[in-house]
Each structure stands twice: as C-alpha cells, then as structure tokens.
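Chains as they are written, first to last, in the numbering used here: chain L, 410 to 600; chain V, 114 to 477. We put the CB at the ideal spot given by N, CA and C, even for glycine. One structure is given below, encoded as structure tokens.
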C-alpha cells in the first residue's frame with residue numbers, strides 16, 4: 410500500500426507540474442503567441458479588416474443623385490420597402506428633381522435587388538458596414554436634393570410654363586400650315 | 114490606558130486600537146459593533162475588491178484576453194459596476210417563495226470567521242481563547258448553510274443542495290487534521306498566540322518549523338480548495354443541468370451575496386493559511402518606532418501574503434481539469450487524509466522528541 414501511495418503522490422506532483430507549466434507561459438509571456446488574442450473594437454481594430462471583405466461585398470447603399478432619374482424601380486423592387494422617393498418637376502424639361510431619396514438601413518436586408526434593377530447605375534453598394542448609432546432615426550440615409558426652396562420651385566414652374574408657351578407658339582405658328590395662316594392674320598391685326 | 118479601554122482590549126483588541134484614537138466612552142457592545150463595521154468597510158472589503166480585480170485581470174491574461182477595461186481607467190471600477198447591477202436588478206422569486214435564510218446565515222457565519230481571524234498582532238475583532246476553532250467552524254457553517262439556500266427554492270438546485278451536503282464527507286477530516294499541526298506546534302488554540310509564536314523571516318514561520326508542518330501546510334491549501342468547492346473541485350456547479358448549482362433560482366442582490374460568500378470564504382481560507390503557517394504580518398525588525406501604525410504595516414504584509422496565495426489559487430483554477438466526484442473522493446481520502454495525518458504525526462513526534470524546538474533555524 411505504501412508504494413501505491415508513493416506512486417499516487419508522484420503522479421499528482423507530475424500532473425500538477427505539467428498543468429501549471431502549460432499555463433505559466435500565458436501568465437508571463439508577452440510574445441505573439443501568448444499575448445491576448447482579442448481585438449478591442451472599436452478602439453484598436455486590426456487594419457486588415459477592410460481588405461478581408463469579399464469583392465462584391467454589399468454594404469450600405471449610396472445613390473449618385475445627379476445621375477438618378479427618379480424612376481422608382483429600386484423602391485418598387487425592395488422587399489422591405491426601405492426606400493422612400495419623392496420627385497418633382499425640376500429646372501430642366503423631362504428631368505425629375507429627386508427631392509426625397511431616403512434609404513432606411515434599419516429595414517434594409519442588403520439583398521442587392523435595388524442595385525440590380527437601377528437603370529442608370531446610380532444606386533450602388535459601398536463597403537461600409539459599421540452602423541452603430543444612438544438613435545434609430547440616424548440609420549436613415551438621405552440622398553435627395555432637398556436644398557431647393559419653394560421660391561426656386563415656383564420659379565422653375567414659371568420657367569417651364571414660359572418655355573412651354575414659347576414652344577406652343579413655335580409649334581402652332583411656325584410648323585403647321587394653319588399656323589402660318591394664323592400668324593399672317595395676327596400680324597395683319599397688329600398696328 | 115483607561116479601564117474602559119483595557120476592558121475593551123480584552124475582548125476585542127481591534128476595537129481598542131480604533132478607540133484609542135478617541136477620548137469618549139460608549140457601551141462596549143456598541144463599540145464592538147462600530148469596530149466590526151470599520152473593519153469590514155476599511156480593511157476587509159477593499160481587500161476583497163482588490164482580489165476581485167486581480168482575479169479578473171489575471172484570469173483574462175491567462176486566457177489570452179484583456180478582461181475589464183471600460184469602467185474606470187483600466188477596468189478598476191468593474192466590480193463596483195457589478196455591485197450596482199446586482200442591486201438594481203429585479204429580484205425574481207418563483208412560485209411564491211420568499212427570502213431564503215440560508216444565504217443570510219452564511220454571510221453571518223462568514224462575518225464570525227472574519228472577526229476571529231487576526232490580521233496583525235493587535236487586529237482581531239474578537240479575541241476568544243479558541244479562535245482557531247471559531248474560524249474553522251465559521252467557515253464550515255458558511256458552506257453548510259448554503260444547503261439551506263438551495264433547498265428552499267425547490268427546483269433543480271435542490272439536487273445540488275444534496276451534493277453540498279455530500280461534500281461534508283470529504284473535506285472535513287483533511288481540514289481539521291491540517292489545522293491541528295499548527296496548533297500542536299504552538300500549544301495553543303488562540304490565533305493571536307499562534308501569530309506571536311512566529312517570527313518575521315521565512316525560516317521563522319511555522320511552515321518551516323518541522324517537516325510535519327510543511328506537509329500540513331500543503332495539505333491545508335488543498336483542503337481549503339476542496340472546502341470552497343473551487344475549481345478543480347467544483348463538480349457541484351459545473352455541469353449544464355446543474356447550472357450554477359444552488360445559485361440557480363437567485364437573482365439580483367442574491368448573486369452578490371453568493372459571490373461574496375464564495376470569494377470571501379476563499380480569501381478567509383487563504384488568510385487562515387497565512388496566519389497559521391506563513392507568519393501573518395510579522396516583521397523581522399521591531400515595529401516599536403511606528404507606535405500604533407505598526408498594525409497597519411502588519412496588515413499590509415498579511416494582505417500581500419494572502420494575495421499571493423489567492424493568485425496561486427487563480428492560477429490553479431485555470432490550469433487543472435475539473436475532477437469528477439469519485440476522483441475528488443479519492444483525492445481526499447487517499448491523498449489528503451494520509452498526507453495531513455502524516456504531517457500531524459510528524460509534528461507531534463518532532464515536538465515530543467525535540468522538546469518543542471523547531472529546526473535549527475527556527476528562533477521564534
């Protein structure tokens with residue numbers, strides 16, 4: 410029984426030594442293998458993270474509003490109805506003024522359908538993914554041209570109406586046989 | 114020294130030390146209450162707090178992670194944040210069961226053990242003649258009343274209460290055997306006398322008095338780990354279905370209570386080893402120059418030694434695999450009991466053979 414006990418003691422001592430020497434380097438070591446493996450997000454993140462993203466990574470949406478035609482394809486195809494679009498007549502003829510283009514990223518599931526159907530390729534995915542905000546409303550990204558005032562829009566409408574009237578005049582008086590006759594009669598009436 | 118102060122110092126030297134700074138007299142019981150509060154708030158609680166912080170950071174270091182770093186400049190206030198969290202959470206009580214007296218009594222017994230343990234020559238809150246027995250029994254009942262805690266919630270944790278009771282089968286004997294060796298060497302049960310018996314240098318500690326006490330000190334270290342159910346011996350809490358064992362049905366401040374019980378018991382266990390075997394607070398040079406502040410220096414030395422032991426305990430926790438129940442029993446009965454018994458017998462034989470003197474280096 411005594412030698413069984415001695416072998417038990419020596420076994421315990423050996424196992425203890427093995428276990429403690431296994432953890433001791435982690436206690437004392439500061440080399441790469443024994444240092445902490447955690448990344449302190451967001452303070453000290455390893456720089457290789459943006460390169461790790463896949464090539465066609467679907468991040469947050471960005472819209473080039475000067476190219477956007479306001480066709481509403483993206484809003485119609487979105488499964489979660491994230492995109493809110495409002496358009497108005499703009500300064501140029503037949504070109505929409507996209508005054509409201511809100512993408513609610515809190516609803517977005519980053520499926521990429523809106524980017525696929527965009528006919529002008531103005532809507533694209535960025536490679537941004539860090540969306541921690543304090544208020545949920547901060548996740549609504551607005552790309553619309555909301556800097557047009559009411560006076561500007563009224564001015565545009567007036568300009569449009571004026572150019573329409575001019576074109577109408579051009580169309581009637583200059584380009585049809587009846588118009589030529591009307592023009593002659595109008596000028597005959599004028600003193 | 115006035116008679117009131119000498120009366121106070123007979124029953125509680127720590128109260129006498131506190132009240133030697135003031136001039137008025139108050140009833141003895143009130144003085145002792147105040148001194149217990151001061152002892153707890155100013156000395157024991159910060160020690161536990163620091164032990165907590167070092168535990169978290171050291172464990173993180175060994176596990177290749179960082180540990181608390183946000184609250185406080187380097188995570189120093191994390192434990193305080195935990196305490197605030199414990200008190201501000203909702204106390205869920207299932208099935209109409211009320212407060213359980215188990216944890217409350219456990220804390221009370223822990224306080225009893227804390228007050229009987231001397232942290233320096235003058236600082237013991239209650240100087241009874243057999244304070245060693247009081248400390249050991251206080252720690253025992255701390256662990257014992259947790260059985261009540263688990264039993265009263267009548268859920269799956271009831272099983273762990275029976276496991277807790279079953280633990281009594283393997284930790285009692287090693288503990289009592291290993292503390293007896295130090296008592297035999299000093300010839301007294303009084304912990305203050307045991308502290309005074311030792312000197313300042315390591316060769317004047319009881320652990321190096323004779324080979325028996327050396328063996329017993331190691332045995333006491335392992336017995337306390339068995340006692341507190343600390344890893345690698347925490348089979349009452351580690352399985353998935355046991356789910357923290359007796360702590361399962363408790364929430365909010367009870368978690369703080371259980372946390373305090375576990376860590377406080379570990380700290381007190383290590384403090385017991387330091388007092389019994391490692392020369393708690395004694396210095397090789399005389400501290401008369403400092404007057405009353407000598408106790409503070411002794412307390413600091415004692416705290417550093419206890420901290421070293423708790424660091425060793427933390428290191429062991431993350432190094433050793435958890436033992437199964439039968440392995441724990443084997444470890445206790447086939448290794449610890451023979452070891453402590455051998456230590457005790459060697460101490461006794463040495464004492465009778467050498468007429469009470471230690472090794473040639475022990476001057477006492």
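Task: Anticipated Cβ contact below 8 Å, residue 303 of chain V with residue 475 of chain V, distance rounded - done: That pair is no contact at about 20 Å.
Task: Nearest neighbour of residue 339 of chain V, chosen from V:459, V:288 and V:274 [CA to CA] - done: V:288
TODO: Would you mind listing the alpha helix (DSSP H) stretches within the stretch 539-590 of chain L that are 4+ residues and don't spill past its ends, in chain order?
DONE: 559-578
Open item on the list: Which same chain residues end up closer than 7 Å to residue 377 of chain V when comparing Cβ atoms and leaving out the 5 residues on each side of it in sequence?
Closed with: 161 and 223
TODO: Mind checking who residue 512 of chain L pairs with in its DSSP beta bridge?
DONE: L:492 and L:550
Task: Near-chain V residues of the stretch 421-441 of chain L (beta-carbon distance less than 7 Å), N- to C-terminal order - done: 421, 428, 429, 431, 432, 435 and 436
- [ ] Confirm, please, whether the CB-CB distance from residue 171 of chain V to residue 337 of chain V is below 9 Å.
- [x] no
Task: Proximity to residue 521 of chain L [Cα-Cα], best of L:467, L:426 and L:581 - done: L:467
Task: Assigned exposure category for residue 174 of chain V - 16 Cβ within 10 Å defines buried - done: buried
Task: Cβ shell of residue 418 of chain V (< 6 Å), same chain only, five flanking positions each side left out - done: 387 and 391
Task: Which residues DSSP lists as bridging residue 320 of chain V, in chain order - done: Its beta-bridge partners do not exist; DSSP assigns none.
Task: Rounded separation between residue 454 of chain V and residue 321 of chain V - CA only - done: 17 Å
TODO: State buried or exposed for residue 606 of chain L, treating a residue as buried only when at least 16 other CB atoms are found within 10 Å of its CB.
DONE: Outside the shown range of chain L, which is 410 to 600, sits residue 606 of chain L, and nothing can be said about it.
Task: residue 135 of chain V versus residue 397 of chain V: straight-line alpha-carbon distance, rounded - done: 31 Å
Open item on the list: Taking DSSP's pairing of strands, which residues face residue 285 of chain V in a bridge?
Closed with: Partner(s): none; residue 285 of chain V has no beta bridge.
Open item on the list: Classify residue 323 of chain V: buried if its beta carbon has 16 or more other beta carbons within 10 angstroms, exposed otherwise.
Closed with: buried
Open item on the list: I'd like to check one pair, residue 305 of chain V with residue 234 of chain V: are the Cβ atoms closer than 9 Å?
Closed with: yes
Task: Other residues of its chain near residue 384 of chain V: CB distance less than 8 Å, five sequence neighbours each side excluded - done: 230, 232, 393, 415 and 419
- [ ] Name, please, each residue of chain L whose Cβ falls closer than 8 Å to the Cβ of residue 174 of chain V.
- [x] 435, 436 and 445
Task: Contact the stretch 125-143 of chain V vs the stretch 577-590 of chain L: 3+ CB pairs below 8 Å - done: no
Task: Contact list for residue 449 of chain L against chain V, beta-carbon separation under 9 Å - done: 179 and 182
Open item on the list: Distance cutoff 9 Å, beta carbons only. Does residue 470 of chain L sit that close to anything in chain V?
Closed with: no
Task: Interface flag, residue 446 of chain V vs chain L, CB-CB below 9 Å - done: no
Open item on the list: Here's a check: name, in chain order, each residue in its chain whose Cβ is nearer than 8 Å to the Cβ of residue 436 of chain V, leaving out the five neighbours to either side.
Closed with: 345, 346, 348 and 444
- [ ] Please check if any C-beta of chain L sits within less than 9 Å of the C-beta of residue 324 of chain V.
- [x] no
Task: Positions along the stretch 431-458 of chain V whose CB lies within less than 7 Å of some CB in chain L - done: 431, 432, 433, 447, 448 and 451
TODO: Could you please give the first and the last residue of the uninterrupted beta strand (DSSP E) stretch that includes residue 532 of chain L?
DONE: 532-534
Task: Among V:413, V:307, V:283 and V:191, the one whose alpha carbon lies nearest that of residue 439 of chain V - done: V:283
Open item on the list: Quick check on residue 429 of chain V - is its C-beta less than 9 Å from some C-beta in chain L?
Closed with: yes
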